[in-house]
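Chains as they are written, first to last, in our numbering: chain A, 2 to 455; chain B, 33 to 505.
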């Protein structure tokens with residue numbers, strides 16, 4: 002990578018990682034320009050974008066905006082490549098968003114999408130698929146360097162944002178859930194376990210099969226067949242039976258997870274999960290008569306992601322904290338997304354998510370086509386509200402510039418915690434959830450006619 | 033979720049008054065944001081009691097003869113068509129801000145809609161929908177072959193209309209249809225058009241504020257899905273039927289209120305397509321003719337309405353289809369509605385099309401992703417919904433092979449050459465399609481024809497029988 006990029010990335014894991022914005026802003030722009038020079042030709046979609054916008058050099062943050070890819074770029078493949086098993090086509094598509102050529106993937110013996118993901122992995126293209134059940138899955142390609150960086154940075158961010166420490170030798174616990182298996186989740190999960198968890202401590206095995214892209218594709222394929230009118234009633238009945246069996250297994254696993262955490266209540270725990278699953282889990286533990294007084298005061302929790310449309314009572318956070326005796330300094334909360342390597346840890350004093358020097362903040366207007374008001378002006382401090390977009394300078398296997406679906410408020414002035422890096426207020430929301438869908442029109446697709454697969 | 037923002041914002045927001053049973057209700061008690069373009073508009077607070085016509089009172093139009101209703105609608109139509117009508121001009125100004133359609137397109141459609149109030153049109157509409165239109169005016173006697181006597185009435189219903197945001201003409205058509213069936217009607221306007229229906233009703237009230245047509249109608253806005261309104265109003269004690277245009281959350285929410293005595297008459301969300309035979313390649317002239325007709329079906333209403341063509345199935349090789357797409361794209365891109373510089377495409381749509389540009393051994397893209405129009409040639413339909421003047425041209429060996437792409441969401445099918453319609457229509461109907469037309473004629477429609485596989489007015493009324501025993505008994 003270029004010298005400016007290296008300079009920023011070299012702060013990872015050091016005291017300078019969350020340096021004041023004014024110290025890094027010019028270096029960041031120069032570093033993005035370096036990335037454009039290195040990857041702009043290699044990533045076909047970026048090349049096309051740069052040519053369309055007439056951008057050959059990045060001289061300001063505004064120059065970066067047309068080069069940012071929406072998160073949906075990673076699901077822009079025609080779905081028939083998946084449903085009709087056109088693996089060579091899908092590989093070619095992956096080549097349009099990958100920074101490394103995908104013609105080295107050996108497709109012999111590839112029967113289903115899980116095989117394809119494995120074949121790409123063998124060739125050094127690690128594909129993480131998002132869990133879109135009704136729509137398409139995003140397919141994010143990453144290199145081994147990306148997985149290594151995300152894992153290393155993930156551990157460092159936990160230690161920066163909480164008093165959870167490497168070598169704590171904790172015991173894992175948490176709600177049982179069907180977890181999406183992706184190379185990125187696996188790499189980060191293994192790094193966290195390696196750092197914070199006692200390898201000898203008992204681990205609860207939910208017995209649930211991991212959710213792979215293959216199992217999701219089955220649902221997508223059936224959904225399409227229903228829409229086309231080619232699905233037979235027997236196929237739908239079989240699917241419904243499978244769904245119901247899966248739900249029963251999930252319920253049983255949930256009971257097991259509750260027994261498990263109660264049995265381990267005297268140990269120093271490392272709880273992981275998202276609010277949507279932790280809250281009902283806490284309710285189940287309370288229903289069994291256990292609460293803060295029964296749990297270790299040094300229990301830690303790793304919280305990633307927002308509510309994701311879960312409807313919870315207003316005091317859901319306090320309820321979970323009080324159930325498991327979670328003290329603030331052991332509560333780690335992060336903001337991040339599948340589209341970038343880097344975690345944004347929440348600080349203790351300001352309760353804000355901090356951006357390290359190699360993660361460039363590019364808040365945009367709601368439409369996502371220009372910088373948020375004030376951005377780019379010299380000495381601009383914010384705060385400003387807008388659509389979250391970032392350039393992650395650490396990205397190696399794909400483009401680092403992404404536009405998210407999130408609404409954030411970001412401040413470029415120093416935070417109450419004493420750190421000078423840009424920070425995001427803890428009230429992140431998704432634009433899609435904020436607006437609801439009030440749209441009504443007579444034009445529509447057959448998707449509105451498919452019932453029961455969501 | 034109701035986006036009611038600070039009242040202070042009302043100073044910038046356009047006013048969207050209500051019309052309640054003959055009276056204009058102004059106010060800025062609530063400020064809403066339009067769904068599509070995020071423009072604010074202010075409405076009065078809703079007085080729920082005022083929206084319901086008690087069942088203890090007969091519908092105001094019940095005993096107004098149909099001929100008189102038609103005369104009144106005609107007179108109102110004249111006033112609506114008057115270029116100096118301030119309500120319509122203001123409405124066009126305001127709609128141009130919140131609608132996804134260009135101004136000229138809105139003007140064109142409103143003008144066309146006013147033509148709907150022609151007495152000949154209205155009479156034909158009724159005659160097509162009812163075997164005996166007299167049943168609207170009186171209890172019509174009927175005796176079955178066993179001698180049992182009845183009197184049948186197409187009785188005035190109580191209706192809620194959930195209007196679409198993408199068709200500025202629907203308000204006027206719904207008002208006319210409601211008046212013809214003598215209903216008591218509440219129109220729920222869309223955030224993309226919270227103005228036009230009230231403007232029509234105001235104009236009608238100026239013709240005669242006490243006319244029972246005007247007294248029977250209310251038009252208000254609430255955000256679709258707002259439970260504080262829908263849970264209260266959507267009840268059989270207040271309304272017989274909910275007439276819904278389109279899909280989305282606004283309709284999904286309705287489903288939970290449908291039950292005994294409260295029925296849904298739904299005009300479902302639809303996709304329209306085109307079918308072009310190999311005859312289009314018989315000569316250069318034929319190709320240009322077909323592609324030009326096709327472009328007109330694609331571009332109508334900025335490709336917002338359900339009748340706009342989105343996919344074209346064509347009997348062609350990829351090379352032939354590419355020639356066709358080039359003409360099609362050029363024609364789609366002609367700015368016929370004075371749109372000027374179009375809004376940029378939605379990021380997601382742009383991304384999907386741009387990726388197809390790179391998959392150039394299976395796809396070809398003509399035109400640009402600049403909002404003016406694009407034609408995409410492929411071997412099978414793209415898996416996104418073509419919008420903003422985007423046409424997906426799919427090569428098929430034979431149009432019969434395209435039947436697998438016809439489904440329950442298919443509305444209008446434009447066919448070229450026209451004489452092939454007869455051979456296709458049985459299969460199209462079996463697949464779920466609802467209307468077959470000559471290519472290029474998706475827009476105009478014959479008066480009183482079935483819509484979404486039904487005769488709407490026939491569905492609206494409360495069919496009532498008075499049986500009067502056996503003859504001679």
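Think of the CB as a built atom: it goes at the ideal place given N, C-alpha and C, for glycine as much as any other residue.
Here the structure is a predicted model, which means the values were calculated and not measured.
What did DSSP end up calling residue i once you bin it into helix, strand or coil?
{"i": "residue 442 of chain B", "result": "strand"}
{"i": "residue 225 of chain B", "result": "strand"}
{"i": "residue 170 of chain B", "result": "coil"}
{"i": "residue 344 of chain B", "result": "strand"}
{"i": "residue 269 of chain B", "result": "coil"}
{"i": "residue 318 of chain B", "result": "helix"}
{"i": "residue 150 of chain A", "result": "helix"}
{"i": "residue 375 of chain B", "result": "coil"}
{"i": "residue 416 of chain A", "result": "coil"}
{"i": "residue 312 of chain A", "result": "coil"}
{"i": "residue 390 of chain B", "result": "helix"}
{"i": "residue 365 of chain B", "result": "coil"}
{"i": "residue 424 of chain B", "result": "strand"}
{"i": "residue 190 of chain B", "result": "strand"}
{"i": "residue 6 of chain A", "result": "helix"}
{"i": "residue 200 of chain A", "result": "coil"}
Which same chain residues end up closer than 8 Å to residue i when comparing Cβ atoms and leaving out the 5 residues on each side of it in sequence?
{"i": "residue 283 of chain A", "result": "320, 321, 324 and 325"}
{"i": "residue 485 of chain B", "result": "466"}
{"i": "residue 402 of chain B", "result": "374, 376 and 377"}
{"i": "residue 236 of chain A", "result": "223 and 226"}
With a threshold of 7 Å on Cβ separation, who are the neighbours of residue i within its own chain once the five nearest residues in sequence on each side are excluded?
{"i": "residue 277 of chain B", "result": "194, 195, 196, 202 and 299"}
{"i": "residue 117 of chain A", "result": "88, 91 and 111"}
{"i": "residue 406 of chain A", "result": "72, 431, 432 and 433"}
{"i": "residue 361 of chain B", "result": "398, 399, 405, 406 and 407"}
{"i": "residue 213 of chain A", "result": "115 and 182"}
{"i": "residue 108 of chain B", "result": "149, 235, 236 and 239"}
{"i": "residue 403 of chain A", "result": "69, 70, 72, 340, 341, 390 and 391"}
Check the Cβ-Cβ distances between residue i and every residue of chain A, and say whether any is below 8 Å.
{"i": "residue 507 of chain B", "result": "Nothing in the structure corresponds to residue 507 of chain B, since chain B is present only between 33 and 505."}
{"i": "residue 428 of chain B", "result": "no"}
{"i": "residue 501 of chain B", "result": "no"}
{"i": "residue 152 of chain B", "result": "no"}
{"i": "residue 481 of chain B", "result": "no"}
{"i": "residue 264 of chain B", "result": "no"}
{"i": "residue 414 of chain B", "result": "yes"}
I'd like to know whether the C-beta of residue i is nearer than 8 Å to at least one C-beta of chain B.
{"i": "residue 79 of chain A", "result": "yes"}
{"i": "residue 406 of chain A", "result": "no"}
{"i": "residue 365 of chain A", "result": "no"}
{"i": "residue 228 of chain A", "result": "yes"}
Measure the beta-carbon distance from residue i to residue j and round it to whole angstroms, keeping in mind my assumption that it falls under 8 Å.
{"i": "residue 1 of chain A", "j": "residue 335 of chain A", "result": "Given that chain A is displayed from residue 2 to residue 455, the structure contains no residue 1 of chain A and the question cannot be resolved."}
{"i": "residue 449 of chain B", "j": "residue 343 of chain B", "result": "Between residue 343 of chain B and residue 449 of chain B the Cβ distance is about 19 Å, and since that is not below 8 Å, they are no contact."}
{"i": "residue 105 of chain B", "j": "residue 154 of chain B", "result": "6 Å"}
{"i": "residue 43 of chain A", "j": "residue 6 of chain A", "result": "Going by Cβ atoms, the distance from residue 43 of chain A to residue 6 of chain A rounds to 15 Å, so no, they are not a contact pair."}
{"i": "residue 434 of chain B", "j": "residue 307 of chain B", "result": "6 Å"}
{"i": "residue 66 of chain A", "j": "residue 400 of chain A", "result": "Wrong, their Cβ atoms sit about 14 Å apart, outside the cutoff."}
{"i": "residue 446 of chain B", "j": "residue 470 of chain B", "result": "7 Å"}
{"i": "residue 343 of chain A", "j": "residue 265 of chain A", "result": "About 32 Å separates the two Cβ atoms, so there is no contact after all."}
Closer than 6 Å by C-beta to residue i: which residues in its own chain qualify, once you throw out the five before and the five after it? Chain order, please.
{"i": "residue 50 of chain B", "result": "57, 76 and 252"}
{"i": "residue 115 of chain B", "result": "none"}
{"i": "residue 301 of chain A", "result": "165, 271 and 331"}
{"i": "residue 371 of chain B", "result": "134"}
{"i": "residue 14 of chain A", "result": "157"}
{"i": "residue 410 of chain A", "result": "384, 386 and 426"}
Taking three-plus beta-carbon pairs below 8 Å as touching, is the stretch 131-149 of chain B in contact with the stretch 165-183 of chain B?
no
Check whether the stretch 406-423 of chain B touches the stretch 329-346 of chain B, taking contact to mean three or more Cβ pairs, one atom from each stretch, closer than 8 Å.
yes
If we count Cβ pairs, one from each stretch, closer than 8 Å, do we get three or more for the stretch 217-235 of chain A versus the stretch 57-77 of chain A?
Short answer: they don't touch.
With three or more C-beta pairs closer than 8 Å as the rule, is the stretch 202-209 of chain A touching the stretch 184-191 of chain A?
Contact between the stretch 184-191 of chain A and the stretch 202-209 of chain A is absent, because fewer than three Cβ pairs lie under 8 Å.
Between the stretch 489-503 of chain B and the stretch 179-189 of chain B, can you find at least three pairs of beta-carbon atoms closer than 8 Å?
yes
Assess contact between the stretch 141-158 of chain A and the stretch 251-265 of chain A, defined as three or more Cβ pairs (one per stretch) separated by less than 8 Å. Is contact present?
no
Given 8 Å, three or more beta-carbon pairs between the stretch 89-108 of chain B and the stretch 118-137 of chain B
no
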